[in-house]
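Following the working numbering, the numbering of the sequence shown begins with 462 at its first residue and continues without gaps.
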Amino acid sequence: MESRASRPATAGSGKAPVPPSTCGRAILKCTCLAPYSRGILVPVSKPQKSSSNHASTPRIAIAIMAAGKGTRLKSKHPKVLHEVGGKPLLAHVIAAATKVVPAKDMYAIIGHEADRVRKAVAHTGIGFVLQEEQRGTGHALMVAREALAPYDQVIVLSGDAPLITPQTIQKLRDFHLAQRSAMTLLTAQLENPTGYGRVIRKRADRDSVQAIVEQKSLLPGQKKIREINAGFYAFATKPFFRHIDKLSTDNPHHEYYLTDMAALLGRAKERVVALQTGDPYEVLGGNTRAELVDIDQRIRLAKCQQLMAEGVTIFYPQTCVIDSDVSIGADTVIEPFVQILGKTRVGGDCRIRSYSVILNSEIGDEVVIRPGCVLDEARVRAGALLGPYSHLRPGTEIGEGAHVGNFVETKKVRLGKGSKANHLTYLGDAEIGERVNVGAGTITCNYDGVNKHTTIIEDGAFLGSDATLVAPVRIGKGAYVGAGSCVTDDVPADSLALGRARKIVKEGWAKEKREAHKAK
Ligand code: UD1
Ligand code: MG
């Protein structure tokens with residue numbers, strides 16, 4: 462069977478045929494002929510027909526609404542790609558949802574800047590539905606009918622609310638199934654409910670919901686209701702799709718509101734209930750810049766707390782920026798104002814001092830990173846000592862116990878075990894062995910204006926200060942290069958290379974010059 466992960470790319474290019482046995486009929490047709498024209502972007506595996514034990518194993522899909530523009534962010538970038546905790550909003554929602562249903566049963570409804578959104582999360586293996594025109598949250602689900610109708614139940618999540626947890630999605634699912642309701646919505650009590658849809662519960666039956674009223678349509682008496690609609694729902698697909706076409710755009714935004722399904726299903730005598738979450742923060746949406754920053758801070762503080770619980774000391778965690786996917790070993794100490802980003806892995810017993818920024822790097826145990834270092838896709842082995850102010854660029858590998866010091870820049874370099882490059886140096890495209898001393902001011906001249914060339918420095922070599930190594934060049938094992946030398950040819954092992962102008966001395970010259978000036 463075709464791997465799910467490859468689907469977004471193949472569907473976009475329209476190249477790979479999809480085995481008919483794995484596709485829903487209309488979906489297969491749509492995808493292979495015109496992937497972008499009709500709503501369904503990506504082939505979806507038809508959910509397995511449920512057997513006799515239907516009630517115990519309902520077929521459940523998750524749909525994530527992610528097509529909106531995000532007008533309130535005043536951005537040219539799609540809303541769900543705005544980042545919190547170092548990842549797009551949508552990536553957080555997908556990460557939580559994949560713990561509840563497999564990626565093959567998950568669909569993101571995309572529209573505004575659909576291609577960019579699809580590319581950003583295609584690796585997750587989820588399916589996509591295109592909502593070409595964004596006419597409201599209700600419309601988003603109308604467009605997804607073909608993908609979702611084959612399932613028994615659908616859980617609907619908002620792509621702009623990244624704090625949702627798998628546990629809460631599971632609770633929503635279980636409550637919905639236990640209640641046998643047509644619609645279950647997640648609600649929360651907020652101190653300040655402004656901007657959210659409010660939940661009107663039935664007087665006689667407090668579990669049941671009569672309607673959801675959006676902010677702009679609130680009657681004066683409804684404004685004080687603090688129970689808000691979180692934007693997460695579970696629906697039984699049959700009644701849902703039977704009634705969805707009755708939604709209207711008769712509201713201040715002239716959109717199809719998914720929230721109107723509560724009153725609509727209620728009028729059709731279907732059961733609509735609400736589950737209130739105990740943690741109101743989980744449902745916060747990132748609709749404005751201020752809300753995004755607030756969510757980002759919550760995610761990062763939670764990350765710091767998780768790391769501290771695992772044995773990492775983080776001084777002043779409010780000042781540190783640590784992305785969600787970072788891992789750090791026990792007994793490592795992080796000083797204030799440190800950023801550790803992307804997929805960086807830091808070992809145990811390290812010390813990362815202030816103002817260092819580390820992206821997608823791998824740091825071994827007992828590494829000390831002094832203040833102000835910048836690491837980007839670098840590997841640093843155990844016991845190494847970096848900084849202050851070292852710049853390790855992509856492809857850098859620092860060996861065990863090696864030292865890289867002040868104002869040293871490295872790129873595509875292997876610095877062997879115990880080697881030292883302590884001051885003011887550029888090392889690019891170089892293979893440097895063990896126990897090598899790279900003197901202050903050493904430069905590898907790796908670029909001839911067209912191509913990059915390699916410098917090889919073998920074990921135990923000693924480069925005096927200010928050596929200039931014009932690549933391609935090899936410094937043999939145990940060789941010495943005199944300070945200030947410009948080396949253009951290979952240096953044999955155990956030899957001394959000197960490539961500098963011979964010094965001349967004119968005795969008394971300075972004194973004579975001074976006296977001549979005085980006489981004028
Ligand atoms: C929505 C709810 C509101 C609830 C709030 C919770 C409606 C009408 N209102 O309001 O009751 O309190 O969420 O956060 O649903 N989207 C689409 N296609 C569209 C429009 C939106 O996919 O045509 C997506 C957006 O990208 C977003 C999500 O749906 O991820 C919610 O839309 P948004 O505009 O943020 O709705 P809210 O105003 O927050
Ligand atoms: Mg929203």
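Backbone N, C-alpha and C fix where the C-beta goes; we use that ideal spot for every residue, glycine too.
{"Query": "Between which residues of its own chain and residue 842 is the CB-CB distance below 7 angstroms, once the five residues before and five after are set aside?", "Result": "825, 859, 860 and 861"}
{"Query": "Is it the case that the Cβ atoms of residue 647 and residue 693 are separated by a distance below 8 angstroms?", "Result": "yes"}
{"Query": "Classify residue 811 as helix, strand or coil using the three-state DSSP reduction.", "Result": "coil"}
{"Query": "Alpha helix (DSSP H) containing residue 773: first to last residue?", "Result": "Where residue 773 is concerned, there is no enclosing alpha helix (DSSP H), given that its DSSP letter is neither H nor E."}
{"Query": "Confirm the yes/no value for this check: CB of residue 619, any heavy atom of the ligand MG, distance under 7 angstroms.", "Result": "yes"}
{"Query": "Let me know the secondary structure DSSP gives residue 840 once reduced to three states.", "Result": "strand"}
{"Query": "Return helix, strand or coil for residue 599, following the three-state DSSP convention.", "Result": "helix"}
{"Query": "Between the Cα of residue 676 and the Cα atoms of 665, 660 and 670, which residue gives the shortest distance?", "Result": "660"}
{"Query": "Closest to residue 866 by C-alpha separation, out of 574, 960 and 900, would be which residue?", "Result": "900"}
{"Query": "Do you know offhand how far residue 615's Cα is from residue 559's?", "Result": "14 angstroms"}
{"Query": "For the ligand MG, I want to know if residue 746 counts as a neighbour, meaning its beta carbon is within less than 7 angstroms of at least one of the ligand's heavy atoms.", "Result": "yes"}
{"Query": "Among 643, 664, 833 and 674, which residue has its Cα nearest to the Cα of residue 658?", "Result": "674"}
{"Query": "Flag this pair as yes or no: are the beta carbons of residue 601 and residue 588 separated by less than 8 angstroms?", "Result": "no"}
{"Query": "Please check the pair residue 717 and residue 644, which I expect to be a contact at CB under 8 angstroms, by giving their CB distance rounded to whole angstroms.", "Result": "That pair is no contact at about 15 angstroms."}
{"Query": "Just reading off the alpha helix (DSSP H) that residue 630 is part of, what are its end residues?", "Result": "627-640"}
{"Query": "Looking at C-alpha atoms only, which residue of 634, 808 and 619 is the closest neighbour of residue 613?", "Result": "634"}
{"Query": "Under 8 angstroms by Cβ, that's how I've got residue 795 and residue 774 pegged, so tell me the actual separation to the nearest angstrom.", "Result": "7 angstroms"}
{"Query": "DSSP three-state call for residue 915: helix, strand or coil?", "Result": "coil"}
{"Query": "Count the CB pairs spanning the segment 809-827 and the segment 569-587 that are closer than 8 angstroms, and state whether there are at least three.", "Result": "no"}
{"Query": "For residue 515, does the count of other Cβ atoms within 10 angstroms reach 16, so buried, or fall short, so exposed?", "Result": "Its pLDDT being 44, under 50, residue 515 is placed unreliably in this model, and the coordinates cannot settle the point."}
{"Query": "By the DSSP assignment, the alpha helix (DSSP H) with residue 607 in it spans what residues?", "Result": "606-609"}
{"Query": "Scan the segment 857-906 and note each continuous beta strand (DSSP E) run of 3 residues or more that stays entirely inside, going in chain order.", "Result": "857-859, 864-876, 881-893 and 904-906"}
{"Query": "In or out: residue 563 buried (at least 16 other Cβ within 10 Å) or exposed?", "Result": "exposed"}
{"Query": "Given this structure, state the Cα-to-Cα distance separating residue 666 from residue 816, to the nearest angstrom.", "Result": "57 angstroms"}
{"Query": "Can you give the Cα-Cα distance for residue 869 and residue 850, rounded to whole angstroms?", "Result": "7 angstroms"}
{"Query": "Which stretch, first to last residue, makes up the beta strand (DSSP E) that contains residue 692?", "Result": "688-697"}
{"Query": "Among 855, 906 and 950, which one has its Cα closest to the Cα of residue 453?", "Result": "This structure cannot speak to residue 453, because the chain is shown only from 462 to 981."}
{"Query": "May I have the straight-line CA-CA distance separating residue 981 from residue 961, to the nearest angstrom?", "Result": "37 angstroms"}
{"Query": "So, are the CB atoms of residue 762 and residue 784 less than 8 angstroms apart?", "Result": "no"}
{"Query": "Let me check you understand the geometry: is the CB of residue 719 closer than 7 angstroms to at least one non-hydrogen atom of the ligand UD1?", "Result": "yes"}
{"Query": "Considering only their Cβ atoms, is the gap separating residue 944 from residue 983 smaller than 8 angstroms?", "Result": "Outside the displayed range of the chain (462 to 981) lies residue 983, so it cannot be described from this structure."}
{"Query": "Leaving out five residues on either side along the sequence, give the residues of the same chain with a beta carbon under 6 angstroms from the beta carbon of residue 889.", "Result": "872, 905 and 907"}
{"Query": "Identify, in the order they occur along the chain, each residue of the same chain with its Cβ nearer than 8 angstroms to the Cβ of residue 742, setting aside the five sequence neighbours on each side.", "Result": "624 and 759"}
{"Query": "Which same chain residues end up closer than 6 angstroms to residue 947 when comparing Cβ atoms and leaving out the 5 residues on each side of it in sequence?", "Result": "929 and 960"}
{"Query": "Quick one: give me the first and last residue of the alpha helix (DSSP H) that residue 555 is part of.", "Result": "550-558"}
{"Query": "Does the ligand MG have even one heavy atom less than 7 angstroms from the beta-carbon of residue 877?", "Result": "no"}
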